[in-house]
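So for the sequence shown, my numbering puts the first residue at 68; every next one is plus one. For each residue, glycine too, the CB sits at the ideal point set by N, CA and C. Just so we're clear, the structure is a prediction, and the values are computed from it rather than from any experiment.
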Amino acid sequence: MGRVNVLSGDEVTAVLDHQTAVMEEIASGASLSAVLDSVVCALEELMPESRCSVLLLDDSRTLRHASAPTLPAAYSAAIDGLEPGPFAGFCGTAVHFGEPVTAVDVMTDPRWVRFRELAAGHSLRACWSSPIRCRSHVVGTFAVYHQTPYVPDQRDEELVRRFTHLASLAVEHAQAAIEREARHMADLARQTAERANLAKSQFVTALSQELRTPLQAITGFTENLQTLDLSPDQRRVALEQIGLASAHILSIVDDVLDLARVEAGAMPIDLAELEAHDVIAAALDLIQPLADRRSVTVERTGLSVTVSADRRRLQQVILNLIANAVWFSPPNSTVCIATEACDDHASIHVTDQGPGIANELLARLFVPFDRLGADAGREGGAGLGLVLARRLTEAMNATFDLASVVGVGTHITVTFAAVLRPHK
Ligand SMILES: Nc1ncnc2c1ncn2[C@@H]1O[C@H](COP(=O)(O)OP(=O)(O)OP(=O)(O)O)[C@@H](O)[C@H]1O
Ligand SMILES: [Mg+2]
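Written as structure tokens, this is what we have:
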């Protein structure tokens with residue numbers, strides 16, 4: 068009761084106004100230092116002769132200035148980093164004992180021996196300090212300085228008590244926000260790890276299924292060769308099938324290993340300045356037999372461009388893209404591979420007149436072994452080509468863009484930064 072009466076009616080109103088303003092600031096998400104500045108300034112307004120500051124303990128239990136808007140900067144800097152202890156000025160002592168500490172005159176108070184000269188040098192003569200608590204732990208101090216020896220009266224103590232409480236609320240609110248953020252980050256990390264785990268087991272399941280078909284073919288034909296009396300023609304067919312199935316397994320294993328290496332950032336990439344047309348020509352030679360079989364015309368347009376790329380990996384990218392374009396396009400359509408150079412980049416475009424890919428399937432395009440329902444029996448197709456092409460492109464510091472319209476076709480662009488040549 069007595070506490071309330073030490074403030075006049077006007078003062079109680081002023082304190083309430085300040086408290087409301089600070090609570091609104093906290094609620095609006097203002098930073099802790101801004102809120103503490105408001106608390107300190109409000110108290111200085113109600114105690115015009117005083118200068119106030121807030122020191123908070125950091126993780127290593129050292130006191131750091133969180134707010135000291137009117138204290139001399141050199142003094143604040145010298146006090147910053149104070150370790151709590153029985154003779155650590157008033158703030159260090161208040162934290163050490165968890166009790167308010169008053170030094171009526173720092174020139175005579177024994178706890179101030181270490182800081183006497185410093186305080187006197189900045190005309191600070193009386194200091195008193197109250198611990199700031201957060202969930203019953205002392206987390207810092209609220210300090211009030213005067214320029215002459217000063218004995219705080221009941222009014223001063225009541226004001227400091229109220230504003231120290233307000234500072235405690237601000238610190239508690241800020242700590243709760245930090246804890247919420249830490250919990251949120253931990254949740255995100257856990258979800259990411261769970262997703263990665265799920266993706267890994269889905270990958271292993273899909274890989275096993277993908278290998279099962281050719282392995283069954285090898286087992287079946289081998290058994291036939293061992294147990295049946297086959298004609299020379301039947302033996303040749305069986306051996307051919309075993310050869311095809313083995314090649315298929317080998318290509319899947321090669322792609323999986325490449326994908327694993329590129330995803331782990333362990334794929335050796337040997338960048339060199341290359342003429343894109345040379346690499347495209349080599350890829351076209353390899354793809355021509357498939358294009359002929361499928362009656363698809365492959366044409367090349369544009370002048371050659373120089374790119375900084377790994378020859379083998381760029382060829383792998385182009386081969387995968389043209390193979391898809393040729394494989395998924397209807398007979399008598401045309402696949403175009405175009406090169407284009409601008410001031411700051413060089414691009415390779417692969418465009419087909421195939422069925423296109425529906426928007427709702429685009430997200431699955433780069434999922435290993437997902438063939439979007441395409442004929443699972445087709446030669447060589449495991450559903451690894453596009454994801455590998457994109458990862459390899461990115462590993463060469465280039466970008467990979469895909470646009471597709473159902474019924475019109477698919478257009479993929481691989482873009483490299485322009486190769487800069489020194490001026491002669
Ligand atoms: N140009 C395209 N036009 C239409 N659909 C395409 C095209 N490119 C890819 N797709 C679809 O995306 C799927 C994934 O392509 P991706 O190249 O990764 O695998 P794949 O060609 O089936 O097998 P792999 O490339 O491993 O031999 C394909 O199965 C097909 O359904
Ligand atoms: Mg493919």
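Counting along the chain, where does the beta strand (DSSP E) carrying Y212 start and finish?
Taking the sequence shown and counting its residues from 1, the one referred to as residue 212 is at position 145. Taken as a continuous stretch (DSSP letters only), the beta strand (DSSP E) holding Y212 covers 204-213.
Could you give the distance in angstroms between the alpha-carbon of E225 and the alpha-carbon of A234?
Translated into positions along the sequence shown, residue 225 becomes position 158. Translated into positions along the sequence shown, residue 234 becomes position 167. Taking the straight line joining both Cα atoms gives about 14 Å.
Give me the residue from T137, W195, L138, R131 with the minimum Cα distance to G148.
Against the sequence shown, residue 148 aligns to sequence position 81. The option with the nearest alpha carbon to G148 is R131.
For the region 471-487 and the region 410-428, state whether three or more C-beta atom pairs, one from each stretch, are separated by less than 8 Å.
Contact between the region 471-487 and the region 410-428 is present, because at least three Cβ pairs lie under 8 Å.
Would you check whether ligand 1 has a heavy atom nearer than 8 Å to the C-beta of V454?
Start at 1 with the first residue of the sequence shown, and residue 454 comes out as number 387. Result yes, Cβ under 8 Å from ligand 1.
Just checking G476 against ligand 2 - is the residue's beta carbon closer than 8 Å to any of the ligand's heavy atoms?
Your numbering for residue 476 matches position 409 in the sequence shown. Answer for G476: no, Cβ out of range of ligand 2.
Kindly list the residues whose CB is nearer than 7 Å to the CB of R183, restricted to its own chain and excluding five residues on each side of it in sequence; keep chain order.
Working through the sequence shown from its first residue, we reach residue 183 at position 116. Contacts found: V173, M174.
With a cut-off of 8 Å on the beta carbons, I'd call A237 and V106 a contact; round off their distance for me.
One-based indexing of the sequence shown puts residue 237 at position 170. One-based indexing of the sequence shown puts residue 106 at position 39. Correct: roughly 7 Å between the Cβ atoms.
Spell out the partners DSSP gives D411 in its beta bridges.
One-based indexing of the sequence shown puts residue 411 at position 344. Answer by DSSP bridge pairing: none, since D411 is not bridged.
For Q383, count the other beta carbons within 10 Å of its own beta carbon; 16 or more makes it buried, fewer makes it exposed. Which is it?
One-based indexing of the sequence shown puts residue 383 at position 316. When all chains shown are included, Q383 counts as buried.
Considering only residues of the same chain and omitting the five flanking positions on each side of G69, which have a CB-CB separation below 7 Å?
Within the sequence shown, numbered from 1, the residue matching residue 69 stands at position 2. Residue placement at G69 is flagged as unreliable, the pLDDT there being 46, under the threshold of 50; the coordinate-derived value follows with that caveat. Nothing meets the Cβ criterion.
Taking buried to mean at least 16 other C-beta atoms within 10 Å of its own C-beta, is V320 buried or exposed?
Locating residue 320 in the sequence shown gives position 253, counting from the first residue. Exposed, because fewer than 16 other Cβ atoms sit within 10 Å of the Cβ of V320.
Going by alpha carbons, who is nearest to H189 out of L311, R367, Q214?
Position 122 of the sequence shown, counting from 1, holds the residue named residue 189. Nearest of L311, R367, Q214 to H189, Cα basis: Q214.
Sort V454, A449, A263 by Cα distance to S275 and report the nearest one.
Residue mapping note: residue 275 aligns to position 208 of the sequence shown, counting from 1. Ranking V454, A449, A263 by Cα distance to S275 puts A449 first.
Using only alpha-carbon positions, find the residue among A456, L113, L338, L386 that is nearest to D352.
For the purposes of this step, residue 352 is taken as the residue at position 285 of the sequence shown. Of A456, L113, L338, L386, the residue nearest in Cα terms is L386.
Going by DSSP, which residues form a beta bridge with D468?
On the sequence shown, residue 468 is found 401 positions in, with the first residue counted as 1. Note: D468 sits in a beta bridge opposite T480.
I'd like to know whether the C-beta of V238 is nearer than 9 Å to at least one C-beta of chain D.
No chain D is present in this structure, which holds just one protein chain.
Mind checking L451: buried by the 16 CB within 10 Å criterion, or exposed?
As a first step, residue 451 is located in the sequence shown; it is residue number 384 there, counting from the start. By the neighbour-count rule (16 or more Cβ atoms within 10 Å), L451 is buried.
Roughly how many angstroms lie between the CA atoms of G440 and L428, to the nearest whole one?
Residue 440 sits at position 373 when you count from the first residue of the sequence shown. Residue 428 sits at position 361 when you count from the first residue of the sequence shown. Computed Cα separation, rounded: 10 Å.
According to DSSP, is P139 part of a helix, a strand, or is it coil?
Here the question's residue 139 lines up with position 72 in the sequence shown. Three-state result, P139: coil.
So is D223 buried or exposed if we call it buried at 16+ other beta carbons inside 10 Å?
On the sequence shown, position 156 is the one that residue 223 refers to. Buried: at least 16 other Cβ atoms inside 10 Å.
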